[in-house]
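**Student:**
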Amino acid sequence: MKTSTEISSLCARVSHEKALEMLGQAGFDAFDLSLFEMGKYDWANRRMLPSSSPFLGPDALKYARHIRQVGLDNGLTCNQSHAPFPVCCPDIRKLLPRALECAAEAGAEICVVHPDNDKSAEENAEMFRELLPLARQLGVKIATENMWNWNAQHVVFAHVGGQHHAQSGQSVQPAHRVNDPFLVACVDVGHAEMRGLGTSAEQMIRTLGRHVQALHIHDTDRHHDNHQLPLTMQIDYDPILRALHDVGYQGYFTLEADSYLPGLPDDQLMQGVRSMQLADRFERL
């Protein structure tokens, strides 16, 4: 099992360099280069906030190459990255080409790009089609992620963005519509397991099959998007791991438990990073 993790939660506490050093010491194989800082979003006022991210400046690509080397120096590769979101914000959507460029320079094979939650599968497919020429040029695959919305009662009512149709169980994911090897699927296990969708991560993996080339691994109470450590809440990982085996998944197990580290005091941060390395626990399932 090749393990990776998002670094945004750790980089909120320490530098990129220190974060990669800690992940290397904890035994991770790779890291997910989180590029959310490029386009921080003010959800209340629906606008992008100013950012001083080094991935936005004139030396952005040089900095991405620096991060790649720091990772290699600590025994880590960049297996994937995550573009800023939500893409319904025009200013953030404009950042997607830069996110792909930074991903390529950091050595990522895949860049996860959220769909627009309020758009149809076909509308999202068109957005991905617009990005594909650059992705091919850079040699970076785009992975679309399964998302969701809340209704007025705060209950999940549907997958959106075209990853999976909750009622019919049929895939309407953009990777199927576009049918391009540079557009693949990232299955977010926690999102797939949320009650009210009529889906499961196992079902989604089996339906998408070869398109599944990236994962977001975390745990939830199956109602909220908790993003906690796997095997600590209510998701049953046994059938999920069997499904990944059956479809021949060859990618990384990338943690997105980004609500875990923020709750730890500074003197427990390194121990927290070590506890995120769950390869042995997964392999015993």
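If you count by my numbering, then the sequence shown holds residues 869 to 1153, one letter each, in order. Glycine included, every Cβ here is placed at the ideal spot set by N, Cα and C. As the structure is a prediction and not an experimental result, all values here were calculated from the model.
1. Taking the alpha-carbon positions, what's the S872 to V1057 distance?
2. Measure how close the beta-carbons of V1115 and I1085 come, nearest whole angstrom, since I'm counting them as under 8 Å.
3. In whole angstroms, what is the alpha-carbon distance linking A887 and R936?
4. Can you say whether G975 is buried or exposed, counting buried as having 16 or more other CB atoms within 10 angstroms of its CB?
5. My assumption, with CB atoms under 8 Å, is that F923 sits in contact with L903. Please give the rounded CB distance.
6. Output yes or no for whether 7 Å exceeds the beta carbon distance between C979 and V938.
7. Identify every residue that forms a DSSP beta bridge with K1009.
8. Among A1069, T1100, P1130, which one has its Cα closest to the Cα of R1110?
9. Output yes or no for whether 7 Å exceeds the beta carbon distance between A972 and Y1120.
10. If you compare alpha carbons, which of A880, L1000, M869 is closest to S1127?
11. Helix, strand or coil: which one does DSSP assign to S876?
12. Taking the alpha helix (DSSP H) that S949 belongs to, which residues open and close that run?
13. Measuring straight from C-alpha to C-alpha, what distance separates N985 and T1012?
14. Does DSSP put C970 in a helix, in a strand, or in coil?
15. The ligand PLP heavy atoms versus the CB of R1004: any closer than 6 Å?
16. So, is S949 buried or exposed, given that buried needs 16 or more other C-beta atoms within 10 angstroms?
17. Excluding the five sequence neighbours on either side, which residues of its own chain have a C-beta within less than 7 Å of the C-beta of Q821, listed in chain order?
18. According to the Cβ coordinates, are M906 and L963 closer than 7 Å?
19. Going by Cα to Cα distance, which pick from G1131, Y1117, V981 is closest to H1095?
20. Once you ignore the five residues that flank V1141 on each side, which residues in its own chain have a CB closer than 6 Å to its CB?
**Tutor:** So, to answer that:
1. 15 Å
2. Not a contact, Cβ separation roughly 16 Å.
3. 13 Å
4. Buried: at least 16 other Cβ atoms inside 10 Å.
5. 6 Å
6. no
7. I978
8. A1069
9. no
10. A880
11. helix
12. Not the alpha helix (DSSP H): S949 falls in the beta strand (DSSP E), residues 945-950.
13. 12 Å
14. Correct three-state label for C970: helix.
15. The ligand PLP is not part of the structure shown, which contains no ligands of any sort.
16. buried
17. The question about residue 821 has no answer, for the chain in this structure spans 869 to 1153.
18. yes
19. G1131
20. M890, A894
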